[in-house]
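Peer 1: One structure, pasted below without further comment.
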Amino acid sequence: MKDNSIQPFAVVRRRGKRLVGWLPADLLVVTGFVIVATGLLTVITTSSLLVRAAVGFPLLFFAPGYAIVSALFPRAPSRQGETALEQLVARPNDVVTELERAALSFGLSLAVLPFLGLSISLSAWTFTRSTVVVVVAWFTLVGLGLATARRLSVPPADRYRSGIGRRLAAGFDSNSAVSVAVNVALVLSVLLATMTVGYALVSPQDGERYTTLQLLTENGDGELVASGFPSELESGESTPVVIGIENQEGEERQYTVVVQEQRFEDGELSERNELQRIEYTVADNETAYDELSVSPEADEGTVRITVLLYEDTVPENPTTETAYRSGYFWTDMTEDGFSADT
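Here it is, written out as structure tokens:
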């Protein structure tokens, strides 16, 4: 009597072997890397130079060339055991060795990058890191698609298969259900480890998070500079001051700015007078600028205009010590028509 019982491990083994044997495993791996690398460099921005180099170098200097080489040379190299002369004479024009495939991948990547950069500069796109990454990724993915079509058009016996494909297919050749289960668990473990390491690499470290407060003025050319603050002001006279808040905290933040007029006697702070209090919401990796009109109220003497930046709630008595960031400039207050040098 024929056994019609379901054998799940046998089904997994047959389908897994058929899928891995049919799809070009090396092209799938490169495709996955391109997608992940593009996300890491454009969507999940990281300030770590090591991470950007580790991901960006193969994306720019290997993946585009590998896609081109795979599209041009879909056939497997000559059989093992043949001499170098026999391989050179007998092999077709669309066959390269493993070493040649790797060397051409780097060489063609270096050759195609200037043309991609030129296409960006001639287009309406802004020449930024994200633009370069996206253009290289799209070029590579299109090339990998063509390479897949070319690879599948070659008879299976002559089709190029990388070591990755052979190892994956061999994992499903065992007749043991335990072997299949171990292979599946191994693949899942590798994927889990990759995701864990990737998350640890792209997660911002504490030392990389910061907020910058800038006090600026506008010069005669309309540029913002950290100088040019007034040395003298009449009582009640206003002066424009531009504040800049740069958020590199890894997420959107709410800030409160407190502007104070501070007076000193014998080098000691003797009086504080709050002039303004403004709230801002700044997106991550953005800098917000705002022009304030500051009007000190002191009649005479030297005052310090201090800007205090807070992330959360502002204490009842804001001071430089309690502020997250602070900045200031000094100015002399004069009576109407009188100068400090008079």
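Each residue of the sequence shown is one higher than the one before, counting from 391 in the numbering used here.
Don't be surprised by glycine CBs; every beta carbon is placed ideally from N, CA and C.
Enumerated in chain order, which unbroken segments of the alpha helix (DSSP H) with a length of 4 residues or greater are wholly contained in the region 479-513?
Peer 2: List check, alpha helix (DSSP H) in window: 488-512.
Peer 1: Can you tell me whether Val616 is helix, strand or coil according to DSSP?
Peer 2: Here residue 616 turns out to be Ala, not Val, going by the sequence shown. In the structure shown, Ala616 sits in coil (DSSP, three-state: anything other than H, G, I, E or B).
Peer 1: Could you tell me the alpha carbon to alpha carbon distance between Glu641 and Ser495, rounded to whole angstroms?
Peer 2: The straight-line gap from Cα to Cα measures roughly 38 Å.
Peer 1: Taking the DSSP output, what are the residues bridged to Leu682?
Peer 2: Beta-bridge pairing links Leu682 to Val631.
Peer 1: When the distance is taken between beta carbons, is Val525 closer than 8 Å to Leu506?
Peer 2: Result yes, Cβ atoms of Leu506 and Val525 sit closer than 8 Å.
Peer 1: In this structure, how does DSSP classify Phe452 when only helix, strand and coil are distinguished?
Peer 2: Three-state result, Phe452: coil.
Peer 1: Give a yes or no on whether the C-beta atoms belonging to Pro708 and Leu698 are separated by under 8 Å.
Peer 2: A contact, by the Cβ cut-off of 8 Å.
Peer 1: Quick check on the DSSP output: the beta strand (DSSP E) that includes Thr721 runs from which residue to which?
Peer 2: That run of the beta strand (DSSP E) goes Arg715 to Thr724.
Peer 1: Are the Cβ atoms of Pro464 and Arg541 separated by less than 8 Å?
Peer 2: A contact, by the Cβ cut-off of 8 Å.
Peer 1: Is the beta carbon of Glu613 sitting closer than 8 Å to the one on Thr677?
Peer 2: Taking 8 Å as the Cβ cut-off, Glu613 and Thr677 do not qualify as a contacting pair.
Peer 1: Once the 5 residues before and after Ile668 are set aside, which same chain residues still bring their CB inside 6 Å of it?
Peer 2: Same-chain partners within the cutoff: Val647.
Peer 1: Return yes when the Cβ of Asn663 is within less than 8 Å of the Cβ of Glu687, no when it is not.
Peer 2: Going by C-beta atoms, Glu687 is nearer than 8 Å to Asn663.
Peer 1: How is the alpha helix (DSSP H) around Leu418 delimited, first residue to last?
Peer 2: Taken as a continuous stretch (DSSP letters only), the alpha helix (DSSP H) holding Leu418 covers Ala415 to Thr428.
Peer 1: Counting only the same chain and skipping the five closest in sequence on each side, list residues whose C-beta sits under 7 Å from that of Ser621.
Peer 2: Within the same chain, Ser621 has close Cβ partners Thr721 and Asp722.
Peer 1: What's the gap between the Cα of Arg715 and the Cα of Ser513?
Peer 2: So the alpha carbons of these two residues sit roughly 41 Å apart.
Peer 1: Would you identify the three-state DSSP class for Phe529, choosing helix, strand or coil?
Peer 2: Residue state, collapsed to three classes: helix.
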